[in-house]
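Residue numbers (our numbering), protein chains in the order written: chain L, 1 to 112; chain B, 1001 to 1115. For glycine and all other residues, C-beta sits at the position ideal for the given N, C-alpha and C. Have a look at the structure below before the remarks.
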């Protein structure tokens, strides 16, 4: 079993829709949770960074963490064609030296 | 400010050859991490270096090695290349903040193709 599971998609939605992306994990030691966006032939770009359980909002993006269920989500409101990319969830333990474990990524396409 | 820079952007090698990939971190960042991303997968951790010392190693064979220089730049070396080493190699820099609020910033990667 992988430590982090993420639905690979692809996910295709119309412009303006609300997008929900999700990951589950098995390691209860994970404390920091991240979402990265990766455009084709580019490196991942950090979108959201949260610690422990709860919600965090940044513009059109909301990250949710439910540690009791080992489940994290990223919501994108008013989705735009420029949001079309692969979204990677990532997480690590408490120490700065903890390696970051990535999900396999979800390909998202926003149709104009 | 310049972000993380990696060179070369693309590389084609044949099986058995050796390759060296280079990375310059964001100014002020003292830690460099290397990740391998196979097509359709998330990045897999290879190494983390801080102050020229290895601070973490992923589950990769000894054919993979790295080092960090006094200016915090880094090189990743892969010997005896296999077809399965074909991937996007990503370098990420971070502050290695002991307060644990650690964030990775990635470069655009080096696309390695092994024929």
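Span of the beta strand (DSSP E), counted from its first residue to its last, around residue i
i               : result
residue 1080(B) : Neither: residue 1080(B) is in no beta strand (DSSP E) and is coded neither H nor E.
residue 22(L)   : 19-25
residue 1060(B) : Where residue 1060(B) is concerned, there is no enclosing beta strand (DSSP E), given that its DSSP letter is neither H nor E.
residue 1010(B) : 1010-1013
residue 1071(B) : Where residue 1071(B) is concerned, there is no enclosing beta strand (DSSP E), given that its DSSP letter is neither H nor E.
Distance, residue j Cα to residue i Cα
i               : j               : result
residue 110(L)  : residue 14(L)   : 6 angstroms
residue 44(L)   : residue 1009(B) : 15 angstroms
residue 73(L)   : residue 33(L)   : 10 angstroms
residue 1038(B) : residue 1084(B) : 9 angstroms
residue 1063(B) : residue 1082(B) : 10 angstroms
residue 1110(B) : residue 1011(B) : 7 angstroms
residue 1020(B) : residue 1066(B) : 9 angstroms
residue 118(L)  : residue 4(L)    : This structure does not reach residue 118(L), given that chain L is present from 1 up to 112, and the question cannot be answered.
residue 1047(B) : residue 82(L)   : 32 angstroms
residue 1105(B) : residue 84(L)   : 20 angstroms
Residues that residue i contacts on chain B, provided the C-beta gap is smaller than 8 angstroms
i              : result
residue 88(L)  : 1042 and 1043
residue 104(L) : 1040, 1041 and 1042
CB contact below 8 angstroms: residue i versus chain L
i               : result
residue 1068(B) : no
residue 1056(B) : yes
residue 1112(B) : no
For residue j and residue i, believed in contact at Cβ under 8 angstroms, the rounded distance
i               : j               : result
residue 88(L)   : residue 1042(B) : 5 angstroms
residue 47(L)   : residue 61(L)   : 6 angstroms
residue 1003(B) : residue 1107(B) : 7 angstroms
residue 1086(B) : residue 1114(B) : 5 angstroms
Chain B within 8 angstroms of residue i, Cβ atoms only
i              : result
residue 42(L)  : yes
residue 115(L) : Because chain L spans 1 through 112 in this model, residue 115(L) falls outside it and cannot be assessed.
residue 47(L)  : no
Chain B residues whose Cβ lies nearer than 7 angstroms to that of residue i
i             : result
residue 72(L) : Residues of chain B passing the Cβ test: none, with the nearest at roughly 14 angstroms.
Within chain L, the residues that residue i reaches when beta carbons sit closer than 8 angstroms
i               : result
residue 1108(B) : 41, 42 and 43
residue 1105(B) : 46
Contacts of residue i in chain L (Cβ-Cβ under 9 angstroms)
i               : result
residue 1021(B) : Within 9 angstroms Cβ-Cβ: nothing; residue 1021(B) doesn't reach chain L, min ~13 angstroms.
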